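Before any comments, here is the structure.
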Amino acid sequence: MQLAQRVKSLTPSTTLAITAKAKELKAQGHDVIGLGAGEPDYNTPQHIIDAAVQSMNEGQTKYTAASGLPTLKAEISKKFKQDQGIDIDPADIIVTSGAKHALYTLFQVILDEGDEVIIPIPYWVSYPEQVKLAGGVPVYVEGKEENEYKITAEQLAEAITEKTKAVIINSPSNPTGMLYSEEELTALGELCLKHDVLIISDEIYEKLTYSGHKHVSIAQISPELKEQTIIINGVSKSHSMTGWRIGYAAGSKEIIQAMTNLASHSTSNPTTTAQYGTIAAYSGPQDTLEEMRTAFEHRLNVIYDKLIKIPGFTCIKPQGAFYLFPNVKQAAELTGYADVDAFAKGLLEDAMVAVIPGSGFGSPNNIRLSYATSLDLLEAAVERIHQFVEKKM
Ligand code: PLP
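Residue numbers (UniProt numbering): 1 to 393.
Put into structure tokens, the structure is as follows:
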């Protein structure tokens, strides 16, 4: 059978190859330390689990409205007011099966064949594929290392064409952990307003910021920018709820309505039980979030100092999320590898440390290390990497 053209051109996730290899080595009894995790190593807080169980026991096990439970949308609206100071009508919110599916549905409803979406490099792996699946064309703009991997307004201005439909801003960023400041967002936003480019603001790591850095949403800067922006967020990273699959999109009534229509013919509602858990996540105590954030910050501080001592490693200190994204091009050269992909493979095979090559994020000189794992393991992993590099030099 001939598969559809649209899936034939899908790029398989580069993270999968290394994760599969790490699993294979583990199965053979090797002591592999995996630094590939894209999810917090904490359990979902107990009160959220209890609320979900209670909802099931009370018989809340049926379909909900396709765009989500009104009570949940009211909680999300309250959260926008509290955290960003912005008024979002619950009717302008759609709850989805994870932030990933919010993005997928969004591209499906805004893109026609050939429409362009500006994607800053380094990017989260799913953006280009989702744009292509909707018939769109990814237009890449490189966030330079010297600008903390962020794009500038000048670069954005150069990339905008008549076909530009949207630009993605992911702050804090996966994979770099960097945050856009209010000034930077204002400059980017002005261009988007001038050229009527929709801003897609992926704020999934909003709650995980460090060293006094604070997340600013582009939508909170001015009413005009709020109108121009679709915010994407969810509870996967903030509340350690990756497996619950609850995310959401908020913004233009017209777009949210179109997304709801599409959802009504694809997923219907996101899982009812998970929605009840999310109501508890937003309305209940938030202390476990701070506990997790503090632990991440401590781990980052401890291992960052060790990581930058490795020969051939340079790394800008991340301000958020839970990833380090060192440039290891020089380390790959020093150790005799052809490129960073080969270096990452060698690191796994020789030192038993699994990291994600940056090529999957559009940055072939980098690797991504997740610190969503225990400090003991992190310290052991960084020590192994250091020894691996010194031994091969
Ligand atoms: N956006 C970014 C930048 C992410 O890193 C992720 C998850 O890795 C998502 C969106 C998707 O999150 P969810 O688990 O809610 O689908």
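Positions of the beta carbon are idealized from the N, C-alpha and C atoms, including for glycine.
Predicted model only: the values in this text are computed from it and were never measured.
List the endpoints of the continuous alpha helix (DSSP H) containing L193. E182 to K194
Could you tell me which residues DSSP puts in a beta bridge with Y276? Bridge partners of Y276: none, in fact.
With which residues is T209 paired in a DSSP beta bridge? DSSP output for T209 lists G320 as bridge partner(s).
Verify the contact flag: S236, CB atom, against every heavy atom of ligand 1, threshold strictly below 7 Å. yes
So, helix, strand or coil for V302, using DSSP? helix
Meets three-Cβ-pair contact criterion under 8 Å: the region 60-77 and the region 270-285: yes
Indicate the three-state DSSP secondary structure (helix, strand or coil) for E27 in the structure shown. Per the sequence shown, the amino acid found at residue 27 is Ala instead of Glu. Looking at A27 - three-state DSSP - the assignment turns out to be helix.
Whole beta strand (DSSP E) runs in the region 225-284 with 3 or more residues, listed along the chain? 229-234 and 247-250
Is it the case that the CB of I199 approaches a heavy atom of ligand 1 more closely than 7 Å? no
Is G247 near ligand 1, going by C-beta to nearest heavy atom under 7 Å? yes
Run through DSSP, which three-state label would G360 get? helix
Whole angstroms is fine: what's the gap from I88's alpha carbon to P172's? 22 Å
Rank M393, S363, H386 and E383 by C-alpha distance to the C-alpha of E145 and give the top, closest one. S363
For ligand 1, any of its heavy atoms closer than 7 Å to the Cβ of K100? True, at least one ligand heavy atom lies under 7 Å from that Cβ.
Does P285 pass the burial test, meaning 16 or more other C-beta atoms within 10 Å, or should it be called exposed? Classification for P285: exposed.
Assumed close pair L106, I200 - CB separation to whole angstroms, cut-off 8 Å: Yes, they are in contact, since the Cβ atoms of L106 and I200 sit about 7 Å apart, within 8 Å.
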